[in-house]
Structure formats: C-alpha cells, structure tokens
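J.:
In the UniProt record's numbering, the protein residues as written are 1 to 702.
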C-alpha cells in the first residue's frame, strides 16, 4: 500500500506533514498489522469509524509497537482533513477518542494562536481516557491530555513542533484571555473540577516556562527591514521577509537550548524556515540543505518577499551563494544508471578503475552509506583511504586516513561526477565564482577579547536553562534510536556500552561530547562537571575562531573575485559584503549595527549605490582586508598534502600522518625527537644483536 501524503497536500512547518512523526516510529507504523489492514484508503469521513473504535490513546508499547491511536494520527497527517471537519471531530462529545485524536492533530499542525483558541475549551472535559504505553495501560483524563499538548514537548512518544507560550502571545496582543471559537459549543459542559485543572495547568506552565536570553540579538539586524518592507511606500516591490535558517544544528526538532535557537517571542512575527524540520538522529548534508534552501528562496521570491539566510554554518552559506564550488550537487539526485549514460567516465578515471584489483573495484561500486568510525573499524577506514589513494593520489594525500567522512565524500564525488575529484577541482579553478543570486551579506563581528566572556556567559545560561536534560535526551536517542519514555531520557547512562559518533548530525553540537564523561559517571562529581563546563566553553571559543577563519580565508576571497568581475562588467558588486561591529552593545548597537544594516538593506533593495564596506568602521577595514592567497584549488591541495612519518608510525596499519604545513613543527616536537632517539636505539640494538650472532656463527666454524 502507499505510504505517501495525498496529492496536493500543503507543507506543514516547512516539511511533508507525515514527517512530523519521527522516522523510526513512522517506519514501525508502516510495518504494523493495523496500518496494513485498517488504514488503507481511509478518508476524512471513513477515518471517523476507526477513531470511534479506539480503546486507548498512547504512543508505542511492548517491543516498540505503535498504538492504533498513532496509526490513525499518521493517517490524518497524510490526508489533511479540512479545518471545518476537524472542528466537527472535536465537537463530537460522545466519542472521546475521536476528540483526543483531533486534538493531537491540531496541536501538531495548527498555528499557535489557533491551537490555544481551539484546544483550551477542552480543559473543561474531565472524562477518563485509557493510555497505553511501555508500562501497559493507565488512566488519565482528557483535560490532562490537552494540558500536556499545550505545555509539553513530547506527547505519546512524539516530539511536538515548538509552540509559542500563551503569555508571550498575550503580550504581543495576538491572543486574548481564554477565548475560543468553540467556546459557545462547549459552554454546557460541567464545571466540576475546574479549580483542580486550572491549578495543575498553572503549575506546569511555570515549570515549562520559556526562558529568555540575549544571545540572538543579531536577529534584530536581519528582521529590521521586515517592518518597513511590509508597510510599503518604497520603490522595490517586496512586501515582507522570511528568515531561512543556515545553522546545521538548528534544523533539528527540539533541543532548543543546546542549538541556541532564537525564542519565538524574539522572532517578531517573522516566519523562520528550515528550522525544526529534522528529527534528532537524522543526518542532513550540505547539498540536501542547499536544495531545500533553493526551494524556499524561490517560493519566497514568488511571494514578492525577501529571503534572509541566517546562520553560522558558513560552509553551507558559501555554497548556496557560489554553486560551482559544490560540483556534486547537480548530480547527487540522479541514479547511477542515468549518471552512466549522461556522464561517461573521464579517461583518467577509466584508467584508474582498470588498474584496481577486484576487491577494490567492488568496494568502489558498493561504498558504505555511513562513514566508518576510525576507533571502531580502522580496517574499513584504511580500505577507503587506500581506494582513494589508488584512484586520486592528489586528493587522498590531503585527508588523514582517520578522516573517513571526507575520504568517503571524495569517493562519492568521483562516483557522481564520473571524474577524478582532482579533475573536478581543476575545472572549478578555471572559472570565476559566479553567485546564484544577487546577494547582500552582513557579517556580525565582535572583537575576541570582548566576545570570549560573552560566550562563557552564554554557556552558563544554557546550563541554567536545562542543557543537561537535552543532552540526556540526545544520549537516549543515540543509544536506542529514539527515546521511548521519560525514564529513557533521564537515565544517566543509557546503553552505556554503545559508542557514540560525535561527527554526525546533531551529535556534533558543542556540549554533547563535552558532557559525555560526566553524564556517564555514576557519581556525577563536581570536579567532572566543572571540567565539562570548561571544555564546553573552550569548544565554543574555538568554534567562534574557526568561523572567523573560514570567512576570511574561504568566503571573502570568493566574494572579492566575484565582485571584481561584476564591477568590471556592470559597474557594481554582485555580492556586497559588510562587517557590522557588534563589539559594543547598548546605544552603540543601534548606531553601529541596527541603523547601518537597515540603511544598507533599503539601498540594496532599491538599487541605490552602496558605500564602500571598508569605510563603515576601523574594524571593518581591518577584517575585510585579506592577504592574497593561492586561489588555484589544486595548488592549495598540493600545499596541504599529508605526509606519513615513518619514525613515529609504530603500527603500519595505523600510520601517523602530518599535515604538510605542520611537518616542520612535527619533526621539532618532543614526541618525534623521542621516537627518533628510540628508532636509533632500536637500530643499534638490532645491529649489535646481528653482530653477536655473526660472531657466534664464525666461532662455530671448524
């Protein structure tokens, strides 16, 4: 049977509606007998009969089996009933499980204001519901279930889309006190127990209250143009703006603290896309994000709105702007047969493949889906690196054999492009970077001595806001595939024997790896906690430094080359890029960042002449001036090739490889000098032993 969303369905929260159910649970639903026998060809009308027959609500039970309630919820997400039909479901008072099913669907799909207006009247429904979970059946009440939908992040073992807190919406004037479209229909219900319900809801609301930080003030710069754009009165045709997330960690549902998402209350009503649309545990590659971003940008342009890409994953942003530098993107979605027909292998690749032994050729044809972990499977890491070395030595010498992800990416580039990776790079180097869009770039920058204490303070705030609980949740997901109960999430050592890969998906988030030893220890000592905090602060500072290095060494040279070409051709830059000095906050923020960004954005959209980026501030003049570097990627590859240190290599299956630029530093290091002396001592002992053996043999000669 088909496991697809109905044709013509609209995206919800930026994704296919049924993807709101985590992939692990969704696949188990597809495999369940109830789904196959009872959910085929259901419509918005016929699903009512199935919902009336429900005997319980719940998530998964037993051996991770999905409940009938979850199966019907997924079916609702596939068929997308009209809003009026859903409201009829809610008003069917005699069928409480149909009401619960509709409430769950509405919570997952409706706008926050509509969720409160539609669901809050159900807090007056105190009927009992059976709940089926991992511990069997239990009894809850309808008002408890609805309250959990409004205040909890996970209900029935599903991670719910984030919802703006009610008090925030009230402060913004978007919702009044306890008003609902269903209020008239619900007025006749019993008032018994209302004090109990109100008290419990208030308590849980306090526990789950949204905490505010001042970490994301950079969004003010990008949202500032939104208000005047929406008012009109300008030459340009745009009528608003949308934010497109370019932070590789913020694409994941939940985990708002560890990924440092801007709270809903600070989004000023501006739509944020490509955020909260992947489940923790799923992997999102750069080409996949770029394809998603292009779709959203095209959609935004079609609505005469301005797409604003915001985030710290500079690699993604650069390849979104300059498509030629990610060669495999255009072909990544093609199947192998189509690739074979459309892109015959280059002569160099054909010769290299012909020289491969059968086992290597078989490995090239059947590359692993996931890169192996060097500590767990060094043999496979070596095989992949040896394969790349046999095919494309220039590229292989750039990567350490332990860096299996980059090795595998290079092999896939060869597969997808039907050329050697070095040939692809050489072709790229022959062209000036051409941007995909006319783009205005803002780089929000603070001087390191000011930024470091801000970053340290941010880590302290994240811990106060519940960072450790989020890391426990991630550990449960990493160990079990997905968390199935509160006990899974709060367990200090979920499946402690299983090794975690800190290079995949959200597990790369700073804090996850740093707190591993602390959370794995049964004692949870203060010393281990302080060490974990310090390591997280150090990792955050290092990442900030790497971001600056990438921008100056990678992005700015590409921007400068593109702007120089467009300046000569059309007399203006095609990717104007400005540094906004955010070193000082308070009043200086408005004058140095907010007002400058707003003025430049308006001039950019109206096609007016823009100021020289280096004239904005002394800091801008300094940081936007980059030293000329080799722009030929092949020259960069050759300059950064890794060398095997034969002296320091103890096990030939795990060679010590040193970056070419660090070779001189390595040979002067204490470790290398000690190994050099040890090597000399070993050679001397072998020579002496050989000499004694030869002398003994000569003495035995008659």
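The C-beta atom is built at its ideal place from N, Cα and C for all residues, glycine as well. Nothing here was measured: the structure is a model prediction, and the numbers come from that model.
1. Just verifying my parser: in three-state terms, what is the DSSP assignment at residue 15?
2. Taking just the CA atoms, how far does residue 577 sit from residue 617?
3. In terms of alpha-carbon separation, which member of 508, 510, 509 and 531 lies closest to residue 517?
4. Excluding five sequence neighbours on each side, which residues of the same chain lie with their C-beta closer than 6 angstroms to the C-beta of residue 380?
5. In its own chain, which residues sit with a C-beta less than 7 angstroms from the C-beta of residue 313, not counting the 5 before and 5 after it?
6. Identify the residues that DSSP records as bridge partners of residue 138: which are they?
7. Express the C-alpha separation of residue 442 and residue 596 in angstroms, rounding to a whole number.
8. Which same chain residues, not among the five before or five after residue 278, have their C-beta less than 6 angstroms away from its C-beta?
9. In its own chain, which residues sit with a C-beta less than 7 angstroms from the C-beta of residue 574, not counting the 5 before and 5 after it?
10. Would you kindly report the start and end of the unbroken alpha helix (DSSP H) that includes residue 27?
11. Where residue 440 and residue 257 are concerned, what is the direct C-alpha to C-alpha distance, given to the nearest angstrom?
12. Would you tell me roughly how many angstroms separate the C-alpha atoms of residue 320 and residue 555, rounded to the nearest one?
13. Using 8 angstroms as the threshold, is the segment 409-420 in touch with the segment 541-550, meaning 3 or more CB pairs across them?
14. Looking at the structure shown, is residue 241 part of a helix, part of a strand, or coil, going by DSSP?
15. Hey, quick one: how far does the alpha helix (DSSP H) through residue 530 stretch, first residue to last?
16. Going straight from the alpha carbon of residue 132 to that of residue 29, what length do you get?
17. Rounded C-beta distance between residue 474 and residue 445? I'm assuming under 8 angstroms.
18. On the criterion of 16 or more Cβ atoms from any shown chain inside 10 Å, does residue 166 qualify as buried, or is it exposed?
19. Residue 307 by DSSP, collapsed to three states: which one?
20. By the three-class DSSP mapping on this structure, what secondary structure does residue 249 have?
21. Around the C-beta of residue 650, are 16 or more other C-beta atoms found within 10 angstroms, so that it is buried, or is it exposed?
22. Beta-carbon within less than 6 angstroms of residue 462's beta-carbon, same chain only, minus the 5 sequence neighbours each way: which residues are those?
23. Considering only their Cβ atoms, is the gap separating residue 592 from residue 581 smaller than 7 angstroms?
24. Distance check for residue 544 and residue 155, CA to CA, integer angstroms please.
25. When DSSP builds the beta bridges, which residues end up paired with residue 577?
26. Taking the alpha-carbon positions, what's the residue 170 to residue 20 distance?
27. DSSP puts residue 154 in a beta bridge; with which residues?
28. Go through its chain and collect everything with a Cβ distance to residue 99's Cβ below 6 angstroms, but skip five positions before and after it.
29. What are the start and end residues of the beta strand (DSSP E) that includes residue 659?
30. So residue 644 is in the beta strand (DSSP E); what residue range does that whole segment cover?
31. Alpha carbon to alpha carbon, how far is residue 309 from residue 407?
32. Could you pull the DSSP bridge partners for residue 60 from this structure?
T.: Inspection of the coordinates gives the following:
1. One-based indexing of the chain shown puts residue 15 at position 15. Strand.
2. Along the chain shown, read from residue 1 onward, the residue named residue 617 stands at position 617. Along the chain shown, read from residue 1 onward, the residue named residue 577 stands at position 577. So the alpha carbons of these two residues sit roughly 14 angstroms apart.
3. Here residue 517 is taken as the residue at index 517 of the chain shown, counted from 1. Answer by Cα proximity: 531.
4. For the purposes of this step, residue 380 is taken as the residue at position 380 of the chain shown. Excluding its 5 nearest sequence neighbours in each direction, residue 380 has C-beta neighbours in its own chain below 6 angstroms: 372, listed in chain order.
5. The sequence position of residue 313 within the chain shown is 313, counting from 1. Correct list, in chain order: 246, 247 and 248.
6. Walking along the chain shown from the start, residue 138 turns up at place 138. Paired residues: 131.
7. Here residue 596 corresponds to residue number 596 of the chain shown, with the count starting at 1. Here residue 442 corresponds to residue number 442 of the chain shown, with the count starting at 1. Taking the straight line joining both Cα atoms gives about 10 angstroms.
8. As a working note, residue 278 is residue 278 in the chain shown. Hits under 6 angstroms: 251, 252 and 284.
9. As a first step, residue 574 must be located in the chain shown, where it is residue number 574. Answer for residue 574: 435, 438, 562, 563 and 566, listed in chain order.
10. For the purposes of this step, residue 27 is identified with residue 27 of the chain shown, where counting begins at 1. It spans 23-31 - the alpha helix (DSSP H) in which residue 27 sits, taken as one unbroken run.
11. On the chain shown, position 440 is the one that residue 440 refers to. On the chain shown, position 257 is the one that residue 257 refers to. Looking at the two C-alpha atoms, the distance is approximately 29 angstroms.
12. By one-based count along the chain shown, residue 320 stands at place 320. By one-based count along the chain shown, residue 555 stands at place 555. Straight-line Cα distance between these residues: approximately 11 angstroms.
13. no
14. Taking the first residue of the chain shown as position 1, residue 241 is located at position 241. Strand.
15. Indexing the chain shown from 1 puts residue 530 at position 530. Per DSSP, residue 530 belongs to the alpha helix (DSSP H) from 526-550.
16. Residue numbering aside, residue 132 sits at position 132 when the chain shown is read from its first letter. Residue numbering aside, residue 29 sits at position 29 when the chain shown is read from its first letter. Straight-line Cα distance between these residues: approximately 16 angstroms.
17. In the chain shown, the residue the question calls residue 474 occupies position 474. In the chain shown, the residue the question calls residue 445 occupies position 445. With 8 angstroms as the limit, residue 474 and residue 445 do not qualify as a contact, their Cβ atoms being about 31 angstroms apart.
18. In the chain shown, the residue the question calls residue 166 occupies position 166. With 16 or more Cβ atoms within 10 Å of its Cβ, residue 166 is classed as buried.
19. The residue you call residue 307 lines up with position 307 of the chain shown. DSSP places residue 307 in strand when its eight states are reduced to three.
20. Walking along the chain shown from the start, residue 249 turns up at place 249. In this structure, residue 249 counts as coil in the three-state DSSP scheme.
21. Here the question's residue 650 lines up with position 650 in the chain shown. Exposed is the call here.
22. Locating residue 462 in the chain shown gives position 462, where the first residue counts as 1. Closer than 6 angstroms at Cβ, skipping near neighbours: 257.
23. Position 581 of the chain shown holds residue 581. Position 592 of the chain shown holds residue 592. The Cβ-Cβ distance between residue 581 and residue 592 falls below 7 angstroms.
24. Against the chain shown, residue 155 aligns to sequence position 155. Against the chain shown, residue 544 aligns to sequence position 544. Taking the straight line from one Cα to the other gives about 36 angstroms.
25. Along the chain shown, one-based indexing puts residue 577 at 577. The partner list for residue 577 (beta bridge, DSSP) reads 441.
26. Taking the chain shown and counting its residues from 1, the one referred to as residue 170 is at position 170. Taking the chain shown and counting its residues from 1, the one referred to as residue 20 is at position 20. Taking the straight line from one Cα to the other gives about 27 angstroms.
27. Indexing the chain shown from 1 puts residue 154 at position 154. Bridge partners of residue 154: 159.
28. Residue mapping note: residue 99 aligns to position 99 of the chain shown, counting from 1. Closer than 6 angstroms at the Cβ level, and outside the excluded window around residue 99, lie 90.
29. Reading the chain shown from its first residue, position 659 is the one you call residue 659. 657-659 is the span of the beta strand (DSSP E), which, as asked, contains residue 659.
30. Translated into the one-based positions of the chain shown, residue 644 becomes position 644. Looking at the DSSP string, the run of the beta strand (DSSP E) that includes residue 644 is 642-644.
31. For the purposes of this step, residue 309 is identified with residue 309 of the chain shown, where counting begins at 1. For the purposes of this step, residue 407 is identified with residue 407 of the chain shown, where counting begins at 1. Rounded to the nearest angstrom, the two C-alpha atoms are 29 angstroms apart.
32. The residue you call residue 60 lines up with position 60 of the chain shown. The partner list for residue 60 (beta bridge, DSSP) reads 66.
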